[in-house]
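Report on the following structure.
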Amino acid sequence: MSVYRTDFVVIGSGIAGLTFALRAAEQAEVVVITKKERSESNTNYAQGGIAGVLSPEDTFDLHFQDTLNAGAGLCHEDAVRVLVQEGPHQIRRLIELGARFDMERDAEGNPVLALGREGGHSRNRIVHYADQTGWEIERTLLEATRYHPRITIHEHFFALELILRDSECVGVWVLNTHSDEPEAFFARAVLLATGGCGQVYPHTTNPPIATGDGIAMAWRAGAYIANMEFMQFHPTTLYHPSARSFLISEAVRGEGAVLRLPDGTPFMEQHHPMKDLAPRDVVARAIDAEMKRLGLPCVYLDITHRPGEFLRQRFPVIYNRLQSVGIDMAREWIPVVPAAHYMCGGVQTDLYGRTSIPRLYAAGEVACTGVHGANRLASNSLLEALVFADRAATHAVEARWNQPRTDAVPPLEALMQASGVSEEVEHEDIRTRLHAVMHQKVGIVRRLASLQEAAQELQRLQRRAQLVVQKAPHRVEAWERWNLTIVGGLIVQCALRRRESRGLHTLVDFPHRDDVNFKRDTVLCRTAGLDTSEASLSHETRNSAPRSG
Ligand code: FAD
Ligand code: SIN
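So that you can map any letter, position 388 of the sequence shown is 387 in numbering that gives the first Met the number 0, and since no number is skipped, the others follow by simple counting.
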């Protein structure tokens, strides 16, 4: 076993991790741990773009209000203000680093950013690079870190557990998958930037890395976890046997695409005044309702009124992918269904990325900053990752956390009860069972009785998954499965506590929004007892002094 020491450990090399690393490395040494190749992340696949107030026709107030409208009463207004006001500066910083976003000419012929439109936005404000915005951002950030003298990136290193001493986070246990050996990285502070957890569902836009490891690690360590009931399903992913769940960007609707039933009827006008550009939860629920009402396997997205040349240039990835499965989007409707896309909840943080555990920060999709409330506004997540990762880095540097001791390395807690492991536990396909439960009982529309059944089943799966980890601690898939069962359990526990319907959480037993009882975050903490969902606690968590550096 090896022991290392650095100033800051960052877990994850997506937009949040790399943004933190670049800022913190202005003053300190940073080690980035990432479980696959460095570019493999949700960030790399982002299509539509990044929202920001960058046009004279737009204002902070409008972006603020659109975000609040999408969030269905649960957004933290202080966090949203920070997001919209600091966002444009962060986007410009990306451009200074070399990001090549699409440009156009204004009325005077001057080059300006080409701004797209997506669901829930009252103005054109989506900065993009065709439909490969995430790839371009990831490329830019990786290029900036490549020869940085203070940043080291370890690929194929899998973070297992946070190391706690005196209830503070002083490092992380990592599995070096080249040697299959656990290694302890100690640091003045740790950033969780592990992204989302779409893999908890069988149909997801997320790549295989999105197994919720950071949320599970933080949960085991006793951090506050919030709002996990708000899993966002993207309304339009390709319905095709050989390319299931490939994302068809909301920007396609931004360019005029219309959702239709098989007989051609456009149906969104019956569901929302903003029609096909209504907030995402509304569109996903409408598609789900139409599919159930008519017994359809999918609905259709029609952009055939746009010329092929325009579509090839504006959406090259989507165009080519569709063509590879025999669909010409310029002539044919695209068959689409909703799929799991984005976790609005996560490890609860304040406005500086601080979690409830001192020295542990979180940013990006793993974090719950309060920005998204009950439903994220399209293209606000890349922005949130940029803004709050940068704030977290600034805080972590200024906090001057001291170097922790590296002697007497605490043991890997998860492996402490390894006795009594039976051979048979490995024989159940835990992931398949988890997927079945999440798909059937914890989907877009939920029932209390099904959630209760899911809770029991997930508890059983979680125990079995933990036993497999204890038996084979060098196997990354075993840890991922365990993490997924923990995250599934958290989604269900939060959903069970929210006895109303709001944003992304629709409970048929409680079909209405209940502001009197539920206009607050759902907060869970393993070490403080399961349910700590008091409004006052949530407030205290965001502002409490003991967590300052
Ligand atoms: P990620 O980019 O997912 O990075 C997480 C990193 O953590 C990865 O490097 C991963 O390998 C690493 N990691 C995870 N677990 C471990 C572990 N145990 N040990 C070590 N490393 C680990 N948002 C928008 O705003 N606009 C869009 O247009 C948009 N389009 C999207 C399209 C798709 C197909 C998808 C999937 C998402 C899209 N999103 C979009 C959402 C957005 O891309 C993500 O929310 C955002 O990129 C998350 O960034 P992140 O840095 O938090 O996490
Ligand atoms: C998309 O391009 O539709 C995804 C945008 C997002 O998730 O914000």
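Every residue gets a Cβ at the ideal spot worked out from N, C-alpha and C, and that includes glycine.
- Residue ranges of uninterrupted beta strand (DSSP E) with 3 or more members, entirely inside the stretch 95-147 and ordered along the chain, are 102-104, 110-112.
- Between Ile-485 and Ala-106, the gap from beta carbon to beta carbon reaches 7 Å or more.
- Listed in chain order, the non-local C-beta contacts of Asn-43 below 8 Å within the same chain comprise Gly-13, Gly-133, Trp-134, Glu-137, Pro-206, local neighbours out to five positions each way being set aside.
- In the three-state scheme derived from DSSP, where H, G and I count as helix and E and B as strand, Tyr-318 is classed as helix.
- Taking 7 Å as the cut-off, the beta carbon of Leu-191 is found no closer than this to the beta carbon of Thr-139.
- In this structure, Leu-53 and Ile-94 do not form a Cβ contact; the two beta carbons are roughly 10 Å apart against a cut-off of 8 Å.
- The beta carbon of Leu-457 sits closer than 8 Å to the beta carbons of Leu-433, Val-436, Thr-484, Gly-487, Gly-488, Val-491 from its chain, once the five residues preceding and following it are set aside; these are given in chain order.
- For Ala-220, the CB stays at least 6 Å from every heavy atom of the ligand FAD.
- Distance from the C-beta of Gly-47 to the nearest heavy atom of the ligand SIN is below 6 Å.
- With 16 or more other CB atoms across the displayed protein chains lying within 10 angstroms of its CB, Arg-390 is buried.
- An exposed status is given to Gln-402, since fewer than 16 other beta-carbon atoms sit within 10 Å of its beta-carbon.
- Thr-5 and Pro-55 have their C-alpha atoms spaced approximately 44 Å apart.
- Leaving aside the five residues that flank Glu-167 on each side, the residues in its chain whose CB is nearer than 6 Å to its CB run, in chain order, Pro-357, Arg-358.
- Shown here, Asn-175 sits in a strand according to DSSP, grouped into three states.
- As the crow flies, the alpha-carbon of Glu-36 is around 7 Å from that of His-155.
- A distance below 7 Å separates the beta carbons of Ile-429 and Arg-480.
- Assigned with DSSP and collapsed to three states, Ile-247 falls in coil, not helix or strand.
- Glu-499 is positioned such that its CB atom lies closer than 7 Å to that of Asp-513.
- Not one heavy atom of the ligand FAD sits closer than 6 Å to the Cβ of Phe-232.
- Here the C-alpha atom of Arg-164 lies approximately 13 Å from the C-alpha atom of Phe-184.
- Contact holds between the stretch 337-348 and the stretch 216-231, because three or more Cβ pairs, one in each stretch, are under 8 Å apart.
- The shortest CA-to-CA distance from Leu-503 to any of Ala-209, Ala-477, Val-281, Ala-98 is the one to Val-281.
- Leaving aside the five residues that flank Arg-259 on each side, the residues in its chain whose CB is nearer than 8 Å to its CB run, in chain order, Pro-265, Phe-266, Val-298, Tyr-299, Leu-300, Asp-301, Trp-332.
- If you look at Ala-398, you'll find it in the alpha helix (DSSP H) that goes 380-398.
- Listed in chain order, the non-local C-beta contacts of Asp-179 below 8 Å within the same chain comprise His-473, local neighbours out to five positions each way being set aside.
- By the CB criterion at 7 Å, Gly-115 and Gly-253 fall inside the cutoff.
- Secondary structure of Val-522 (DSSP, three-state): strand.
- Secondary structure note for Phe-63: its alpha helix (DSSP H) is the uninterrupted segment 59-69.
- Under the DSSP assignment, Ser-1 falls outside any alpha helix (DSSP H), being part of the beta strand (DSSP E) whose first and last residues are 1-10.
- Under the 8 Å Cβ criterion, the stretch 189-203 counts as touching the stretch 15-22, having at least three qualifying pairs.
- When the beta-carbon positions are compared, Leu-82 and Val-386 come within less than 7 Å of each other.
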